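Asker: Take a look at this one; I'll ask things after.
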Amino acid sequence: MTDPMYRYVFDPAVPAEELGATLVLSRLAVEALHGESQTRLDAAHAFEARTRTVVIDASTAVGRDFNRLFVGFTAREFGPDSFRVERDPLELVPHPRAEPVPA
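If you read the sequence shown in our numbering, its first letter stands for residue 667, the second for the next number, and so on.
See the structure below:
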């Protein structure tokens, strides 16, 4: 079984700045549970302010807790109907700064 990635797509009415602040709050909360170092290692996520899209990698215990905190905070702050969730299998993609190694 592959672990999921959760993609949250928010309504245009949700302010991107507030959404970003809620993501930071979720990260601070997961740091309180798992510590700063483990959170830096295991709480992979991405935020695209223009499209109001958040992606969270839930393939680790830290990622699953981060995901739970984020969905709980956003549902309370913006309402449960202000976003939709897409659950996709985790697909590994190269880091954007990675450069190919010459053969």
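Virtual Cβ for every residue (Gly too), placed ideally from N, Cα, C. Quick caveat, the model's predicted, so the values are computed rather than measured.
Going by beta carbon distance, what residues of the same chain come within less than 7 Å of glycine 686, once the five residues before and after it are set aside?
Answerer: The count along the sequence shown starts at 1 and reaches residue 686 at position 20. Taken in chain order, the residues that qualify are Phe713 and Ala715.
Asker: Note down the Cα distance separating arginine 673 from leucine 699, rounded to an integer number of angstroms.
Answerer: As a first step, residue 673 must be located in the sequence shown, where it is residue number 7. As a first step, residue 699 must be located in the sequence shown, where it is residue number 33. Each residue's Cα considered, the two are about 23 Å apart.
Asker: What's the gap between the Cα of histidine 711 and the Cα of arginine 742?
Answerer: The residue given as residue 711 occupies position 45 in the sequence shown. The residue given as residue 742 occupies position 76 in the sequence shown. Using only the alpha carbons, I get a separation of about 20 Å.
Asker: Relative to the C-alpha of valine 721, which candidate in Pro678, Glu683 and Arg750 has its C-alpha closest?
Answerer: Along the sequence shown, read from residue 1 onward, the residue named residue 721 stands at position 55. The residue with the shortest Cα to Cα distance from valine 721 is Arg750.
Asker: Spatial neighbours of threonine 717 within its chain, please: C-beta separation below 8 Å, excluding the five flanking residues on both sides.
Answerer: For the purposes of this step, residue 717 is taken as residue 51 along the sequence shown, with counting starting at 1. These residues qualify, in order along the chain: Val675.
Asker: Keeping to the same chain, check which residues put their C-beta closer than 8 Å to that of threonine 705; ignore five residues upstream and five downstream.
Answerer: By one-based count along the sequence shown, residue 705 stands at place 39. If we look at threonine 705 and ignore the five residues flanking it on each side, its Cβ neighbours are Arg693, Val696, Glu697, Val728 and Phe732.
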